Structures are given as C-alpha cells and as structure tokens.
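Worksheet: the structure to be examined is printed underneath.
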Amino acid sequence: MKKTFIYNLLFASMLLAAASSCKKALDIDPVDSIEQSQALLTSKDVEVALVGTYSALGSRNFYGGRPFLMADFLANTNAIEWYGTYEELTQTINKSLLKTNTFVDNVWASGYTAINDANNVIAAIGKVDAAKKNKVEGEAKFIRGSVYFDLVRLFGKAYNDGSPTTNPGVPIVLTPTTSVTEASYVSRATVAAVYTQAIADLTDAEAKLPATNGFFATKYSAAGMLARLYLQMGNYAAAAAAANRVISSGNYSLNTSFIDAFPEMGSTPGVNSAEDVFAMQVTTLTGFNGYNEFYGSSTYGGRGDAVISQNWIDNTYAANDDRINAFYDDGDMYTSKYANQYGNVSVIR
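Shown next as structure tokens:
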C-alpha cells in the first residue's frame, strides 16, 4: 500500500511537470506580430512601422495598380477589349458594379489599412528622434492625405458635381483603430470635408518633408499630389502654383520619348523614370505590377486579359505620332506601358 502511494505520488508529480512544460512550450510570443503596448516604443519602432505603411499603400489593391486599372475600365468606351474571366472586372468594364464586388471591397479595405497604419505612426510621433521627426510625420501625412484624396475620388462624386458640402464622401478617421467597437463605425464625411482633410495633410507633408528622400515621399511628392487635388477642385491657380514648385525644383525632367516614361519592357525591377515624382517600387521579392497582371501579355508575365482595339489605335493615332510606339503585337495588341511584371507603378509624374 505504501509503495502504491509512492508510485501514485511520483506519477502525479510527473504529470504536473509535463503540464508545466507543455504550458511553457505553448505560452510563447508570436513571431509574426507584436503586442500593441510593445509595438511603438522607440524611434526605430516607428520608423519600421512607417516602412510598413508604404507596403500597405503599394499593395496591388491600392497604389500597386488595381484601382487605376478599374478606373481605366470605368472610363473605357471602345479602346479596351476585355477577355478575362474575373467577374469583378467584367462588372467594372460593363459599368454594372454589384455591392458584392470583392475588388471594390479590397480597394476600400486596403486604403483604410494604409490610413490606419499612418495614424499609428502619427500617434507615436513623440517617440521619434528630433532630427527625424518632421520627415517621419511628413511621410505619414503624405500617405494619409493621398489615400483620402483617391478614396473620395473613387467612392464619392467629383468635387464640382453638385454640392461638395452635402455630397457624401468617405469616413474620416484620424486616430488609430485598435479594435472594432461601435465607435469604429464612422459615418461618411462630405466630399468637401475629405478634400479639406487631404489638403491639410498634404500641405503639412510638403512643409515637413525633405527635397530628396530616396524613393520615399518628398516635399515634391506632396506638392505634385496637391496640384492634382486642386485641379480636381477647379482651383487652377493653386494647381499651377503647386505644379510649378515641382517643376522649378530641377529634380525631374521630361523624357525624350513617350514610352520612356514607363518601365522598360521585360523584367528589370525598381527603376524610376526621370519624370517620376513618386512611384511605388516593385521588385521580384515584393510582388508585381498590378497593371501588368491584366494589361501584359503572357510573354511579359501578364494574363493578357485586357487588349487594345486595333480599330481604336488606327482611328486615334497618326502614323508619325510617338504614342503609336507604345503598343506591341503578341497575337493581340497590347500596351507597352505595362509590359514589365516588376516595373514600378508611377503615381505622380
């Protein structure tokens, strides 16, 4: 009996030890995420988060290309012939979008992911070293202002279509969203309010950003986006002034031929043209050019779903028009502008 008791005690001790070991083995910190309270504690943390914000901005569902492709399809009358099987893009080119269209959902979600990432950086700006603070805040505000501008253009009426002070735009969120609660459901602001917010962000960004910043946003990226925004508003004097700030910088120049403004045909990654004021960088490691996915033929890494009408080309361009060199024949006619799977996506030029 005594032996049995000892054996049982030893067995129970072994179970407790095993349970403790299992608990320790299971209670490990995740390697792909960081606790919110530990995420942005140092200047380096915030700087890394800012780079991640560019990643969200450049996803194929935002500045990686797909929203621009959808805009092309919505504007198309007879230039593009669509042979793809994606129902979402069939709806787009037929101007018959359904509320269940996942491409539209993804554009919206990706835009607000970039905004929330920027909000996190801005909220933690006090952690950033003094010498870097303006640059980091300027980049985050450039991203937020640019996304709001393009979201309101995609999901709201044009600024001068009716009354911008009453037409619904998109929700404005300026603080980090850390959990989904009732307070997370923000009503749509007016078109005018969204433009006002975008102007505030981009103006502050231009003031705080440096003139050169590698392939990240610069003060001229912000000025270029402001020029586009003011043009949409019909404020031509402000648009011209912002554009002239970019031109007079001397940092950019016009290409000698039309096609040189676009990535070279083939697979050379990560090269901006002389005209690029801001472009999303694409490499073999970070993904692919969202335009190329559908506009590129299979020879150049695309699906070949969106071809250019030969009749449209013939009726649009004279034989000596430089732009006629921006097409190639690969069984069908394709645009050479997006014949590079890893070509950078120009946002402002």
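Taking our numbering, the leading residue of the sequence shown gets 644, the next gets one more, and so forth. Even for Gly, the Cβ is constructed at its ideal location relative to N, Cα and C. Owing to the predicted nature of the structure, the values given are computational and were not obtained by experimental measurement.
For residue 970, the uninterrupted beta strand (DSSP E) segment begins and ends at 970-972. Residue 770 has its alpha-carbon roughly 44 Å from the corresponding atom of residue 908. DSSP places residue 758 in no beta strand (DSSP E) but in the uninterrupted alpha helix (DSSP H) bounded by 745-766. Proximity to residue 789 across 844, 901, 885 peaks at 844, based on C-alpha coordinates. In this structure, the straight-line span from the alpha carbon of residue 979 to that of residue 934 is close to 11 Å. For residue 842, the enclosing alpha helix (DSSP H) begins and ends at 834-851. Residues 863 of the same chain have their beta carbon placed closer than 6 Å to that of residue 892, with the five preceding and five following residues left out of the count.
With three or more CB-CB distances shorter than 8 Å, the region 948-955 counts as touching the region 719-729. When the Cα atoms are used, residue 921 and residue 963 turn out to be separated by approximately 30 Å. In the structure shown, residue 991 adopts extended strand secondary structure according to DSSP, grouped into three states.
Cα atoms of residue 940 and residue 823: separation of roughly 42 Å, rounded to the nearest angstrom.
Uninterrupted alpha helix (DSSP H) stretches at least 4 residues long and entirely within the region 768-816 occur at 773-798, given in chain order. Boundaries cannot be given for residue 942, as no beta strand (DSSP E) includes it and DSSP labels it neither H nor E. A Cβ-Cβ contact shorter than 8 Å links residue 988 with residue 706.
The beta carbons of residue 797 and residue 750 sit closer together than 8 Å. For residue 857, DSSP assigns no beta-bridge partner whatsoever.
For residue 960, there is no enclosing alpha helix (DSSP H), as DSSP gives it neither H nor E. Runs of the beta strand (DSSP E) lying entirely within the region 872-924, each at least 3 residues long, are 921-923 in chain order. With respect to residue 717, residue 778 sits apart: the two C-beta atoms are not nearer than 8 Å.
Contact between the region 870-887 and the region 794-812 is present, with at least three C-beta pairs closer than 8 Å.
Within the DSSP bridge table, the entry for residue 949 names 725 as partners. Shown here, residue 926 sits in coil according to DSSP, grouped into three states, outside any helix or strand.
In the three-state reduction of the DSSP assignment, residue 828 falls in the coil class.
Rounded to whole angstroms, the gap between the alpha carbons of residue 924 and residue 930 is 10 Å. Residue 953 counts as exposed, since fewer than 16 other beta carbons sit within 10 angstroms of its beta carbon. Shown here for residue 927: same chain residues with a beta carbon closer than 7 Å to its own, the five before and five after excluded, namely 912, 985 in chain order. Exposed is the label assigned to residue 850, since fewer than 16 other Cβ atoms lie within 10 Å of its Cβ. When the Cα atoms are used, residue 905 and residue 970 turn out to be separated by approximately 12 Å. Judged by beta-carbon spacing, residue 807 lies within the 8 Å limit of residue 835, meaning their Cβ atoms are closer than that value. Residue 766 and residue 686 have their C-alpha atoms roughly 12 Å apart. Taking every protein chain shown into account, the CB of residue 733 has fewer than 16 other CB atoms within 10 angstroms, so this residue is exposed. Residue 832 and residue 786 do not touch by the CB rule: their CB atoms are close to 19 Å apart, not below 8 Å. Excluding five sequence positions before and after residue 961, the CB atoms of its chain that fall closer than 8 Å to its own CB belong to 967, given in chain order. For residue 977, the uninterrupted beta strand (DSSP E) segment begins and ends at 976-978.
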